[in-house]
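Read through the structure below, which is laid out as structure tokens, and then see the notes.
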Ligand code: UD1
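In my numbering, the protein residues as written are 1 to 364.
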């Protein structure tokens with residue numbers, strides 16, 4: 001009888017869950033594969049974690065390391081300490097990490113020191129902006145990984161330019177889109193716009209949580225005023241990430257923002273997908289939403305000087321906009337009025353997890 005091949009899949013934050021869900025299911029479909037789900041506990045609020053686990057029917061994690069919030073060094077260190085203890089007791093044949101968050105990099109660091117093979121899903125994404133903690137996480141994770149699963153040709157090129165051997169690089173498409181494809185019919189039925197009194201009406205969705213926008217009050221004020229201007233034409237729904245709540249509450253008291261800029265708690269995966277798929281436009285600094293909008297053909301404006309998803313710009317579904325009031329309102333008028341004329345990037349088709357698992361069967 002052939003011995004089982006054991007995987008440990010590390011997740012920690014909201015944007016990890018929609019990447020892990022199709023992968024865990026695809027791994028479980030192979031009889032000789034066994035997989036363990038390790039939740040680092042980087043995100044712990046119900047709305048940032050459990051609500052996603054439930055919506056995406058993820059299995060209960062085999063372990064929760066409960067690291068919670070702290071500064072980047074401390075958070076990364078805590079994940080490493082607890083993950084190493086867990087992996088010593090339960091050594092896998094391969095550690096799988098997804099995306100670019102602190103849990104991703106910490107997982108890769110621990111596994112590489114334990115000489116465990118590492119597979120990175122969403123390898124090669126680069127914004128070329130090292131002020132973003134995610135860019136550091138991407139560079140380190142890719143440097144340590146043995147199998148690099150990329151989402152688009154930029155990923156392949158970036159890795160080759162950094163000296164990674166072509167044999168390690170496998171283009172599989174964007175795994176987040178697997179989850180969009182699977183859950184879109186359910187999300188459409190849900191009609192989350194109704195919760196905001198916007199059923200059948202044109203509206204815009206926004207999320208702003210990157211430190212470069214949310215941690216500087218002057219910048220955040222300018223962004224909020226831009227969103228307020230946009231909301232005078234189309235109501236804007238803004239689910240607020242917990243890390244931005246304090247600064248937003250402070251500015252809401254100071255600024256006279258219109259009621260058409262509608263703030264809400266973070267939404268569950270299905271509610272967010274439901275709201276986004278019928279929006280006239282998306283204003284965001286999130287990485288994942290830019291990619292989801294490309295599949296949904298919702299015009300996206302990325303409120304950042306750069307993006308790790310250049311392919312969405314090439315495909316015409318996404319544009320960059322400065323974090324500045326007039327730039328935001330002018331770009332929204334221009335971009336959302338005309339709708340999306342873009343195309344979905346190649347291999348963003350709902351089958352990335354199958355390609356990954358096919359390759360893992362050949363490689364391991
Ligand atoms: C992390 C990821 C970011 C991703 C984002 C999505 C890193 C470096 N960043 O950023 O790429 O886009 O998740 O959500 O890993 N907090 C809560 N409850 C939670 C989680 C966070 O209140 O469940 C608050 C805490 O005040 C915490 C702060 O958010 O200090 C930062 O959380 P952290 O997980 O370090 O990073 P995010 O900003 O969420």
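Just so you know, even glycine gets a beta-carbon here, dropped at the ideal spot from N, CA and C.
Candidates the options: which alpha carbon is nearest residue i's?
i	options	result
residue 61	12, 78, 250, 48	12
residue 187	276, 260, 251, 241	276
residue 406	264, 221, 272, 273	Residue 406 is absent from the model: the chain starts at 1 and stops at 364.
residue 339	92, 202, 354	202
residue 171	182, 163, 151	151
residue 333	38, 301, 323	301
residue 116	247, 358, 9, 263	9
residue 350	16, 3, 22, 363	22
residue 252	52, 50, 228, 128	228
residue 272	2, 74, 3, 18	18
residue 329	114, 248, 230, 296	230
residue 193	205, 182, 233, 184	205
residue 274	218, 189, 132	189
residue 100	65, 20, 114, 358	20
residue 72	57, 314, 133, 54	133
residue 31	162, 55, 52, 4	4
residue 113	180, 144, 130, 119	144
residue 306	212, 24, 248, 259	212
residue 207	248, 95, 33	248
residue 59	24, 119, 70, 218	24
residue 98	63, 74, 142, 128	142
residue 57	130, 182, 323	182
residue 77	54, 105, 29	105
residue 255	218, 359, 287, 267	218
residue 327	346, 337, 303, 314	303
residue 14	43, 36, 126	43
residue 263	195, 321, 314	195
residue 54	160, 267, 297, 337	267
residue 233	337, 70, 359	337
residue 159	297, 361, 126	126
Grab me the residues of residue i's own chain with a C-beta within less than 6 Å of its C-beta, minus the 5 sequence neighbours each way, in chain order.
i	result
residue 89	none
residue 92	6, 7, 8
residue 157	none
residue 65	40, 41, 82
residue 260	231, 235
residue 323	213, 219, 223, 303
For residue i and residue j, which I take to be in contact (beta-carbon distance under 8 Å), what is that distance rounded to the nearest angstrom?
i	j	result
residue 84	residue 121	Rounded, the Cβ-Cβ distance is 22 Å, inconsistent with contact.
residue 68	residue 107	Not confirmed; about 17 Å, so no contact.
residue 124	residue 154	7 Å
residue 244	residue 214	4 Å
residue 316	residue 281	About 14 Å separates the two Cβ atoms, so there is no contact after all.
residue 235	residue 198	6 Å
residue 224	residue 257	7 Å
residue 16	residue 103	7 Å
residue 285	residue 209	7 Å
residue 356	residue 33	Actually they are not in contact, since the Cβ atoms of residue 356 and residue 33 sit about 11 Å apart, beyond 8 Å.
residue 38	residue 63	6 Å
residue 147	residue 363	6 Å
Suppose the cutoff is 8 Å on Cβ atoms and the five residues either side in sequence are ignored; what does the same chain contact list for residue i look like?
i	result
residue 265	47, 239, 240
residue 335	281, 299, 301, 319
residue 81	none
residue 325	222, 223, 225, 226, 229
residue 36	6, 7, 8, 9, 62, 63, 90, 92
residue 331	301, 319, 321
Just to confirm my understanding: we take residue i, look at its own chain, exclude 5 residues before and 5 after, and list those with CB closer than 7 Å. What are they?
i	result
residue 354	26
residue 295	177, 180, 344, 348
residue 128	306
residue 191	199, 274
residue 184	273, 277
residue 45	242
Confirm the yes/no value for this check: CB of residue i, any heavy atom of the ligand MN, distance under 7 Å.
i	result
residue 44	Questions concerning the ligand MN fall outside what the structure shown contains, since the ligands it does hold are the ligand UD1.
Any beta-carbon of chain C closer than 8 Å to the one on residue i?
i	result
residue 98	Absent here is chain C; the protein component of the structure consists of one chain.
| field | Cβ contact check for the segment 306-317 and the segment 227-240: 3 or more pairs under 8 Å | value | no
| On the three-pair Cβ rule with 8 Å, is the segment 164-179 touching the segment 128-139? | no
| query | Do the segment 171-186 and the segment 287-305 touch if we need at least three Cβ pairs shorter than 8 Å? | reply | yes
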